[in-house]
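**Q** Dumping the structure here so I can ask a few things about it.
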Amino acid sequence: MQDISLEVFQGERIAIVGPVGAGKTSLLRLLNRLIEPTTGKMYLENQEYRQIPVIQLRQMLVLVLQESKLLGMTVGQALAYPLVLRGLSKQTIEQRVSHWIEQLHIPSEWLGRTEVQLSAGQRQLVAIARALVIQPKILLLDEPTSALDAGTASHLMQVLTQLSQTHQTTILMVNHQLELAQMFCTQLLHLHQGHLLANQKVSEINWVELRESLIQAEAQDDFGF
């Protein structure tokens, strides 16, 4: 990734789009410090990233990848585990888990299931719930709707939008589904080959032109142009 400069404000909902290999997931990994920048600097609340202990950073900023594991736990155990590590009371843990499974329409019978008993979409929804119970300041989502049906994906966008509005949670989301990005975002980043082509407010976006640009970029990449 090269020559990317941007500023993100609290409570914004940012959609990140671009063809395969554009650097979308790499940007999320940089923000979560799974990888480190070779040049340039990043800041969180005016503090340089390298000055923030990784554990402290990841308590404020949570990344949900496309493929998430339950590490041998049941769904209920996996949802509670981040809060157990933080030393929260059993009552608080139960309240948070109950709140988010209700918000995301996760059936209570899932709580006793293990990873192998869940579909890809069910695992994806559980991974998002596990991030939300932490109540991060910043939520990083990599294709959070890739395995979800249309109704569940639409409901998730509504829940995330409400979260950003009521709690000022900042959300950055990679998503190939432009109709969901349009429903969700207040700002859009368009990446291509590691470069930032556009950083636009939702009111500035021509969605028809953007779709055509992405289709053309994907076609060029497929044929090696």
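Take the sequence shown: its letter number 61 is residue 45 in this note's numbering, and every next letter is one higher. Idealized CB from N, CA, C, for every residue including glycine. For clarity, every value in this text was computed on a predicted model and none was experimentally measured.
To the nearest angstrom, how far is the alpha carbon of H246 from that of A203?
**A** This structure cannot speak to residue 246, because the chain is shown only from -15 to 209.
**Q** Count the other CB atoms, across all protein chains shown, that sit within 10 Å of the CB of T153; report buried if there are 16 or more and exposed otherwise.
**A** One-based indexing of the sequence shown puts residue 153 at position 169. Under this definition T153 is a buried residue.
**Q** How big is the Cα-Cα spacing for R42 and R13?
**A** Numbered from 1 along the sequence shown, position 58 holds the residue referred to as residue 42. Numbered from 1 along the sequence shown, position 29 holds the residue referred to as residue 13. Near 12 Å, if we compare the C-alpha coordinates of R13 and R42.
**Q** Please state whether DSSP places Q83 in a helix, a strand or coil.
**A** Numbered from its first residue, the sequence shown carries residue 83 at position 99. Before going further, note that residue 83 is His rather than Gln in the sequence given. The answer is helix: DSSP assigns H83 an H, G or I state.
**Q** Between which two residues does the beta strand (DSSP E) carrying T154 extend?
**A** For the purposes of this step, residue 154 is identified with residue 170 of the sequence shown, where counting begins at 1. T154 -> beta strand (DSSP E) spans 154 to 158.
**Q** Alpha carbon to alpha carbon, what distance is there between R114 and E99?
**A** One-based indexing of the sequence shown puts residue 99 at position 115. One-based indexing of the sequence shown puts residue 114 at position 130. The alpha-carbon atoms of E99 and R114 are separated by roughly 14 Å.
**Q** Report all residues from its chain with a CB closer than 6 Å to the CB of V158; omit the five preceding and five following residues, and keep chain order.
**A** Working through the sequence shown from its first residue, we reach residue 158 at position 174. The residues are I0, K8, D126, E127.
**Q** Who pairs with E32 in a beta bridge, going by DSSP?
**A** Stepping through the sequence shown from its first residue, residue 32 is reached at position 48. According to DSSP, E32 bridges with Y27.
**Q** Are the beta-carbon atoms belonging to V68 and R97 less than 9 Å from one another?
**A** In the sequence shown, counting from the first residue as 1, residue 68 sits at position 84. In the sequence shown, counting from the first residue as 1, residue 97 sits at position 113. No. Outside cutoff.
**Q** With L180 as the anchor, note down where its beta strand (DSSP E) starts and where it stops.
**A** For the purposes of this step, residue 180 is identified with residue 196 of the sequence shown, where counting begins at 1. From DSSP, the beta strand (DSSP E) with L180 extends over 179 to 185.
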